[in-house]
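Visitor: Take a look at the following structure, please.
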Amino acid sequence: MVGVIGLAAADQRRRDVRAEVRREAPDDSAAAPSDGLGRLLFTRGIEDGVEAPDASADEGLPAGAGALILAGGFPEVFGEELEANARLRSAIGAFDGPILAECGGLLFLLDELDGHAMCGVVPGRGRMAGRLTLGYREATALTGTPWLDPGMSVRGHEFHYSSVQLDDADPAWRLRSEGVQRDEGCVRGGVQASYLHTHWAARPEIPRRLARAALPVAA
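My numbering puts the first residue of the sequence shown at 33, with every later residue one more than the last.
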């Protein structure tokens, strides 16, 4: 099972994630984020239906989850509600499978966000910065994961008003834009967390490999 945690994710991103995960792991799992606060959608198989726990209220991950995708959103808007759900945060913190987190997902995995306790998977802190970071990026993977080899190139974009201070982690990406390059995000074991929203249409092997990485854990 692949679980996709969507923190108020956009409609198009929902459709993209649902289509890719269902295409690559039709017999084991499919998932997509829903609207609203921290929705998780899971299914053991397309024919089995969909569960939709709420990250502000439900206290655990469905049994059999083999990977998590935190596909962005706005956890900073719902910091109090997410902090209050300590059992779910603890479950995510103890999760042993691969985790791919983008933008709002990165913030949710930190130790804390604007003073609110988050999941503690990625050591660091996040703050709303009041300054927009926006633009397309050329990115090279610096640290390998089950779904990315070091040196693999992707395209993506950043769109966020927050900033993070990360502690003791290998960088996920080297980003390039308008002649400037910088390292960004982090990888810790099977967890990749970054502001970068990657464009899977150009790299369909990313969701395929992530789905395959989930299977041994979900078995």
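No residue lacks a Cβ here, since even glycine has one placed at the ideal position from N, Cα and C. Bear in mind that the values here come from a model prediction, so they are computed numbers and not experimental data.
The beta strand (DSSP E) with Glu91 in it runs from where to where?
Guide: Translated into the one-based positions of the sequence shown, residue 91 becomes position 59. Element bounds for Glu91: n/a, residue is neither H nor E.
Visitor: On the criterion of 16 or more Cβ atoms from any shown chain inside 10 Å, does Ala233 qualify as buried, or is it exposed?
Guide: Reading the sequence shown from its first residue, position 201 is the one you call residue 233. Looking at its Cβ environment, which holds fewer than 16 other Cβ atoms inside 10 Å, Ala233 is exposed.
Visitor: Taking 9 Å as the threshold (C-beta atoms), are Leu114 and Leu242 in contact?
Guide: For this step, residue 242 is matched to residue 210 along the sequence shown. For this step, residue 114 is matched to residue 82 along the sequence shown. Not closer than 9 Å, so no.
Visitor: How long is the line joining the alpha carbons of Ser3 and Ser194, rounded to whole angstroms?
Guide: Only positions 33 to 251 of the chain appear in the structure, and residue 3 is not among them; the question remains open.
Visitor: Counting only runs that start and end within the segment 113 to 166, where is the beta strand (DSSP E) found for 3 or more residues in a row?
Guide: Whole beta strand (DSSP E) segments, 3+ residues: 131 to 134, 142 to 145.
Visitor: Identify which residue in Cys135, His189, Leu120, Ala173 has its Cα closest to the Cα of Ser226.
Guide: Here residue 226 refers to the residue found at position 194 of the sequence shown. Taking only the C-alpha atoms, the option nearest Ser226 is Cys135.
Visitor: Go ahead and pull the three-state DSSP assignment for Gly96.
Guide: Here residue 96 is taken as the residue at index 64 of the sequence shown, counted from 1. Correct three-state label for Gly96: coil.
Visitor: Which residue wins for smallest C-alpha separation from His192, given the options Val109, Glu91, Pro94?
Guide: Reading the sequence shown from its first residue, position 160 is the one you call residue 192. For the residues Val109, Glu91, Pro94, the minimum Cα distance to His192 belongs to Val109.
Visitor: Please report the distance separating the alpha-carbon of Thr172 from that of His229.
Guide: Your numbering for residue 172 matches position 140 in the sequence shown. Your numbering for residue 229 matches position 197 in the sequence shown. Roughly 13 Å between the two C-alpha positions.
Visitor: Reducing DSSP to helix, strand and coil, say where Phe106 ends up.
Guide: Along the sequence shown, read from residue 1 onward, the residue named residue 106 stands at position 74. Reduced to three states, the DSSP call for Phe106 is coil.
Visitor: If we count Cβ pairs, one from each stretch, closer than 8 Å, do we get three or more for the segment 162 to 172 versus the segment 196 to 216?
Guide: These segments touch.
Visitor: Taking all protein chains shown into account, decide if Gln224 is buried (16 or more other Cβ within 10 angstroms of its Cβ) or exposed.
Guide: Looking up residue 224 in the sequence shown gives position 192. Looking at its Cβ environment, which holds 16 or more other Cβ atoms inside 10 Å, Gln224 is buried.
Visitor: Apart from the five residues just before and just after Leu141, which ones in its own chain have a Cβ nearer than 6 Å to its Cβ?
Guide: Counting from one through the sequence shown, the residue named residue 141 turns up at place 109. Closer than 6 Å at Cβ, skipping near neighbours: Ala133, Cys151, Val153, Val154, Ala225.
Visitor: Mapping DSSP to helix, strand and coil, what is Gly111?
Guide: What you label residue 111 is simply residue 79 of the sequence shown in a count that begins at 1. Of the three classes helix, strand and coil, the one that applies to Gly111 here is helix, per DSSP.
Visitor: With DSSP run on the structure shown, which of helix, strand or coil describes Trp179?
Guide: Here residue 179 refers to the residue found at position 147 when the sequence shown is read from its first residue. Looking at Trp179 - three-state DSSP - the assignment turns out to be coil, as it is neither helix nor strand.
Visitor: Whose C-beta lies closer than 6 Å to the C-beta of Leu164 among residues of the same chain, with five residues either side of it excluded?
Guide: As a position in the sequence shown, residue 164 is number 132, starting the count at 1. These residues qualify, in order along the chain: Tyr193.
Visitor: Which of the three DSSP states, helix, strand or coil, is assigned to Ala233?
Guide: Counting from 1 along the sequence shown, the entry for residue 233 is found at position 201. Helix.
Visitor: Indicate whether Thr177 and Gly222 have their beta-carbon atoms separated by less than 9 Å.
Guide: For the purposes of this step, residue 177 is identified with residue 145 of the sequence shown, where counting begins at 1. For the purposes of this step, residue 222 is identified with residue 190 of the sequence shown, where counting begins at 1. Yes; because the gap between Cβ atoms is below 9 Å, this pair is in contact.
Visitor: Between Cys218 and Asp202, what straight-line distance do the alpha-carbon atoms span, to the nearest angstrom?
Guide: Locating residue 218 in the sequence shown gives position 186, counting from the first residue. Locating residue 202 in the sequence shown gives position 170, counting from the first residue. Their Cα atoms are separated by approximately 5 Å.
Visitor: Do the CB positions of Arg157 and Gln197 come within less than 9 Å of each other?
Guide: Your numbering for residue 157 matches position 125 in the sequence shown. Your numbering for residue 197 matches position 165 in the sequence shown. Closer than 9 Å, so yes.
Visitor: Per DSSP, what are the beta-bridge partners of Asp215 in this structure?
Guide: Along the sequence shown, read from residue 1 onward, the residue named residue 215 stands at position 183. DSSP lists Arg206 as partners of Asp215.
Visitor: Buried or exposed, going by whether 16 or more other CB atoms sit within 10 Å of the CB of Pro236?
Guide: For the purposes of this step, residue 236 is taken as the residue at position 204 of the sequence shown. By the neighbour-count rule (16 or more Cβ atoms within 10 Å), Pro236 is not buried but exposed.
Visitor: Put Ala246 into one of helix, strand or coil per three-state DSSP.
Guide: Here residue 246 refers to the residue found at position 214 when the sequence shown is read from its first residue. DSSP places Ala246 in helix when its eight states are reduced to three.
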